[in-house]
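What follows is a single structure, written as structure tokens, with notes after it.
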Amino acid sequence: MTDRLDGDLRDLLEKGHQAARRPPVSSWQAIADWPEAPDDRLAVILAGQFLLGEEVTAQACRNLSRQVPLASARDCLALQAEEEQRHAALYRRFLQGRSAWPGSQGLLTPAAERIAAWQGPPEAVLLALHVIIEGEALAFQETARRFTTCPRFAALSRAIARDEARHVAFGQRYLPAALPQLTPAERQRIYIWLRGLWFDCMERLPLAAPFPGVRGVPLRLWAQRWARHRWAHWQTHLRALGLFDGMDRKMQAGLE
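Taking our numbering, I'd label the letters of the sequence shown as residues 1438 to 1693.
So, in structure tokens, the structure goes:
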């Protein structure tokens, strides 16, 4: 861990404090002023999934803020936990305004269970949250805005995406410095755990996917292809962060 990393994280922390003072993030009123599209069922389904994700991430960040060694990283994670709670409250207000509530098929329920049960280096949970879960959420926020018709949901999504981008940036700065502190065997174990977490979550995709008229085998096959495609994408990110550094061919073969 270096002074430069500490400075970078302090800069992110200050940006987070500034963001908390901006009305689009800190106040429901800025979102409530936008009109609604009452028939946009897709926005309701997506808001429910995002709400569950915010709650999972908030709890995990609270725990991580007591586990990582660098004080500036702990502060960033504590602030992120507060932001995730604020996001969850915004999604909850959005759903309550439509007399709706999250469904029982949360995509991230398996992730929450695996994270709670993890006994090992905190870097595993940081990779799960700040690379895969936050990264996927950030990418999907933009997609969601294209396919929904509710201006209020779009305003909410844009406001939250600004925070999510900063959370991803935290992982990009912290993890390349933290992962070399782990042994190749520890990183191999983390990779296997991350892969299991991803595919456990993706098994729920056919149940949670908001695609009217697409059911049964076609939906399951699509979900399986999509899960494999996106996992290849995240593998590339994990490699770039240094998760596989120092592993010999035999160890890397065990990851296939």
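All C-beta atoms in this analysis are idealised placements derived from N, C-alpha and C, irrespective of residue type, glycine included.
Everything numeric in this text was worked out from a predicted model, so none of it was measured.
Kindly indicate which residue of the options has the alpha-carbon position closest to the one of residue i.
i     : options                    : result
I1570 : R1667, G1683, L1680        : R1667
E1451 : R1503, R1499, V1505, D1512 : D1512
E1520 : W1538, A1508, T1494, T1673 : T1494
T1620 : E1560, P1655, W1671, D1443 : E1560
C1638 : L1545, F1487, G1557        : L1545
A1602 : L1566, R1657, R1503        : L1566
A1664 : G1683, P1643, A1677, A1615 : P1643
P1558 : Q1455, R1662, Q1504, S1509 : Q1504
G1543 : D1682, A1677, R1641        : R1641
E1491 : L1631, E1579, Q1609, A1548 : A1548
Q1522 : D1600, A1508, L1634        : D1600
W1538 : L1507, V1481, R1676        : V1481
A1615 : L1489, P1506, R1447        : P1506
F1636 : Q1625, R1676, Q1672        : Q1672
R1676 : R1624, R1662, A1591        : R1624
V1605 : L1634, E1573, R1582        : E1573
E1550 : Q1533, L1634, G1534        : L1634
What residues in its chain sit with their C-beta under 7 Å from that of residue i, if we drop five residues either side in the sequence?
i     : result
V1562 : A1497, L1501, I1552, W1555
V1654 : none
Measure the Cβ-Cβ separation of residue i and residue j and say whether it is below 8 Å.
i     : j     : result
A1484 : F1531 : yes
L1680 : I1629 : no
L1442 : F1607 : no
F1584 : L1479 : yes
D1682 : P1588 : no
T1586 : D1477 : yes
To which residues of the same chain is residue i closer than 6 Å at the C-beta, ignoring the five residues directly before and after it?
i     : result
S1463 : Residue placement at S1463 is poorly supported in this model, since its pLDDT is 48, which falls under 50; the coordinates are not used for a value here.
H1674 : V1568
F1487 : Y1528
M1684 : P1621
R1610 : D1445
F1590 : A1480
A1660 : L1642, P1643
R1582 : A1591, S1594
Q1578 : S1594, A1598
A1669 : none
Using a threshold of 7 Å, is the CB atom of residue i nearer than that to any non-hydrogen atom of the ligand FAD?
i     : result
R1551 : As far as ligands go, the structure on display features none, and thus does not contain the ligand FAD.
Between residue i and residue j, how many whole angstroms is the CB-CB distance? I'm expecting something under 8 Å.
i     : j     : result
R1499 : A1518 : 4 Å
G1409 : L1516 : Past the boundaries of the shown model lies residue 1409; the chain is included only from 1438 to 1693, so the question cannot be answered.
L1678 : L1612 : 5 Å
L1564 : L1489 : The pair is not a contact, with the Cβ atoms about 20 Å apart (cut-off 8 Å).
S1536 : R1447 : About 43 Å; that fails the 8 Å criterion.
Take residue i and list the residues in its own chain whose beta-carbon comes closer than 8 Å to its own, dropping the five residues that flank it on each side.
i     : result
R1662 : none
L1658 : none
Q1455 : none
### Task
Could you tell me which uninterrupted alpha helix (DSSP H) segments, each at least 4 residues in length, are contained entirely in the stretch 1570 to 1656, listed from first to last along the chain?
1571 to 1584, 1588 to 1615, 1621 to 1639, 1642 to 1645
### Task
Ignoring anything shorter than 3 residues or poking outside the stretch 1502 to 1555, list the beta strand (DSSP E) runs there in chain order.
none
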